[in-house]
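Engineer: Take a look at this one; I'll ask things after.
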Amino acid sequence: MVLGIVVRLAIAPLTGHPYDMALWADYQRIFYGSGILDFKYFPTLPPLYYAQLAIYSFYTLLRIGGLQDPVLFYHSTYAIEGVFLKLPMILADMGVFLLFVRTGRILPAVLYYLNPFMIYLSAAWGTYDSLMIVFLVAGFVALEKGNKPLATLAFTVSGLVKLFGFIPLALIVLDNIARRRFKDISVQFAIVSSSVAMTFAPVILQGGLQTFFSGFSRFVGISTAQGTGWNIVSALQGTQFQAVSPFVWIAYLSIPVFFVLQIRKSSSLLLSVLKASLLGAILLNIFSQAEPQWLSWPIPIALIYASATKRTGLSYYAYSFGAIATFLVMTLTQGSSYILFGLLGGAYLAPLEGFVGALPVYATTTLSLLLLLIGYLYGKPVKFKLEVLALVMIIYAQAYFWFSIIGIQNL
103 MVLGIVVRLA
113 IAPLTGHPYD
123 MALWADYQRI
133 FYGSGILDFK
143 YFPTLPPLYY
153 AQLAIYSFYT
163 LLRIGGLQDP
173 VLFYHSTYAI
183 EGVFLKLPMI
193 LADMGVFLLF
203 VRTGRILPAV
213 LYYLNPFMIY
223 LSAAWGTYDS
233 LMIVFLVAGF
243 VALEKGNKPL
253 ATLAFTVSGL
263 VKLFGFIPLA
273 LIVLDNIARR
283 RFKDISVQFA
293 IVSSSVAMTF
303 APVILQGGLQ
313 TFFSGFSRFV
323 GISTAQGTGW
333 NIVSALQGTQ
343 FQAVSPFVWI
353 AYLSIPVFFV
363 LQIRKSSSLL
373 LSVLKASLLG
383 AILLNIFSQA
393 EPQWLSWPIP
403 IALIYASATK
413 RTGLSYYAYS
423 FGAIATFLVM
433 TLTQGSSYIL
443 FGLLGGAYLA
453 PLEGFVGALP
463 VYATTTLSLL
473 LLLIGYLYGK
483 PVKFKLEVLA
493 LVMIIYAQAY
503 FWFSIIGIQN
513 L
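In structure tokens, the structure reads:
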């Protein structure tokens, strides 16, 4: 655990996603500088704002006490300020590690906490997927112990950070409906409704629900806003969807269908929810207009499922998945200089970044990673082999040749 903390704290002041970090810093500065709580246009769900608000108070005290905080390179935040803004995510990673250790999952704990992608997202980028993941893992731990009310609360908080957390909760509700456990359903409804009400009360008072609904509609596939270029299907087609991906409903329909089929074959609710949630994370990365950081979602679920089913090969592949995802996201989406130095367009790792056709190369290699993950999920338990990494490298090289050198997408 010490190594993971040291690595994260060493990286945090030197790096940062300039746009995201500027957003987090601006909202904290507004409150601690003028006392204004601005929920109306905050670009994420409220729990991130609450978490950063609490931790940023200590940084404010340090500044009042005379702390001199430098700006490094071209970043949008001060160095130590960046550490405090990232601290909720760093602590969330630590929480996942402790949850794994407490339940006797030492190998998953190490493979998660020292996973390059999780370190990259929480300590270098400064994005908040780890906050969703820590409550997601807590929900699965509670479900494993048979504590459905606690699992419901954990999944609800996870979903209030990022909407994906509601997927395992919805599957548990679906199981209760099928088994006519109406008392359990009423308890779940009370937990969810009270949690949502408390979380959104300040937002509602400030009239900020429109921002939430815009993000919600994009996630569920009913938005009419201009799409992004990170969807794997659109990247391979060489087109950009005018709104959300029309294929996102493949993911949403597949998750409950698969869960029903799985629960009929297995007596374990935990394994069924785990497997369906992992499949959902994979399909959403393929068919929705996923952000690069969404690639972190399958990692903890795969580690829990691997531990529960004695699939050591899946555990090691989940680690390799994160390591390769770090390389792909860092070089092919924004460029290494953006996170490291706050400069967009720099190509310090050329010719590995900044080349023509980078997006379809990213999409092709990412798709291969996700399909291999499905293979580890559905195939017989096997040992992890380095040949798998060689296969991914070959796919990357082939994609580079066809999309960058030949330019097949332009023919």
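All residue numbers for the sequence shown refer to this note's numbering, where the first residue is 103 and numbers rise by one.
For glycine and all other residues, C-beta sits at the position ideal for the given N, C-alpha and C.
For clarity, every value in this text was computed on a predicted model and none was experimentally measured.
Mapping the DSSP letters down to three states, classify E455 as helix, strand or coil.
Structural biologist: Residue state, collapsed to three classes: coil.
Engineer: Run through DSSP, which three-state label would K285 get?
Structural biologist: helix
Engineer: Is the separation between the beta-carbon of A378 and that of F360 shorter than 7 Å?
Structural biologist: yes
Engineer: If you compare alpha carbons, which of F423, L105, G477, K412 is closest to Q395?
Structural biologist: Nearest option by C-alpha distance: F423.
Engineer: When burial is assigned at 16 or more other CB atoms within 10 Å of the CB, is K367 buried or exposed?
Structural biologist: With fewer than 16 other Cβ atoms inside 10 Å of its own Cβ, K367 counts as exposed.
Engineer: Considering only residues of the same chain and omitting the five flanking positions on each side of P462, which have a CB-CB separation below 8 Å?
Structural biologist: A337, L338, G340, A501, F505, Q511
Engineer: Check this for me: beta carbons of F199 and T428, under 7 Å apart or not?
Structural biologist: no
Engineer: If distances are taken between C-alpha atoms only, which option among V109, Q391, A410, R281 comes closest to N217?
Structural biologist: V109
Engineer: Let me check understanding here. Comparing Cα to Cα, which of I132, V275, T229 lies closest to L194?
Structural biologist: With the sequence shown as reference, residue 194 is identified as Ala, and Leu is not the correct amino acid for it. When only C-alpha atoms are compared, the closest one is T229.
Engineer: Could you tell me the distance, in whole angstroms, from the CA atom of T258 to the CA atom of M191?
Structural biologist: 18 Å
Engineer: How about Y498 and T467: do their beta carbons lie closer than 7 Å?
Structural biologist: yes
Engineer: With DSSP run on the structure shown, which of helix, strand or coil describes R165?
Structural biologist: If DSSP states are grouped into helix, strand and coil, R165 belongs with the helices.
Engineer: Cutting at 8 Å between CB atoms, please list the residues of its own chain near A181, excluding the five before and the five after it.
Structural biologist: P115, L116, D171, P172, V173, L174
Engineer: Would you identify the three-state DSSP class for W399, choosing helix, strand or coil?
Structural biologist: coil
Engineer: Is the beta carbon of I287 less than 7 Å from the beta carbon of T254?
Structural biologist: no
Engineer: Starting from A112, trace the alpha helix (DSSP H) in both directions and tell me its first and last residue.
Structural biologist: 104-113 is the span of the alpha helix (DSSP H), which, as asked, contains A112.
Engineer: Can you check the stretch 400-483 for any beta strand (DSSP E) of at least 3 residues that lies completely inside it and give the ranges in chain order?
Structural biologist: none
Engineer: To which residues of the same chain is A153 closer than 7 Å at the C-beta, ignoring the five residues directly before and after it?
Structural biologist: P190, L233
Engineer: Mind checking whether V212 and P402 have CB atoms under 7 Å apart?
Structural biologist: Not closer than 7 Å, so no.
Engineer: Within the same chain, show all residues whose beta-carbon is closer than 6 Å to that of I357, passing over the 5 residues directly before and after it, in chain order.
Structural biologist: A378, G382
Engineer: Which residue comes first and which comes last in the alpha helix (DSSP H) that contains P348?
Structural biologist: No alpha helix (DSSP H) holds P348; DSSP gives it neither H nor E.
Engineer: Short check: CB of L262 to CB of L386, under 7 Å?
Structural biologist: no
Engineer: Check whether the stretch 479-488 and the stretch 404-421 are in contact - that is, three or more C-beta pairs closer than 8 Å.
Structural biologist: yes
Engineer: Among L442, S409, G459, which has the Cα closest to the Cα of G206?
Structural biologist: S409
Engineer: Any chance you could list the alpha helix (DSSP H) runs of at least 4 consecutive residues sitting entirely within the stretch 256-280, in chain order?
Structural biologist: 268-280
Engineer: For P453, which residues of its own chain have a beta-carbon under 6 Å away from its beta-carbon, when the five flanking residues on both sides are left out?
Structural biologist: none
Engineer: For the candidate residues P145, I441, S224, L376, whose alpha-carbon lies nearest to that of A404?
Structural biologist: L376
Engineer: With a 10 Å radius around its C-beta and 16 neighbouring C-beta atoms as the bar for buried, classify M123 as buried or exposed.
Structural biologist: buried
Engineer: Could you give the first and the last residue of the continuous alpha helix (DSSP H) run that contains R204?
Structural biologist: 181-204
Engineer: Assign G437 to one of two classes, buried (16 or more other C-beta atoms within 10 Å of its C-beta) or exposed (fewer than that).
Structural biologist: buried
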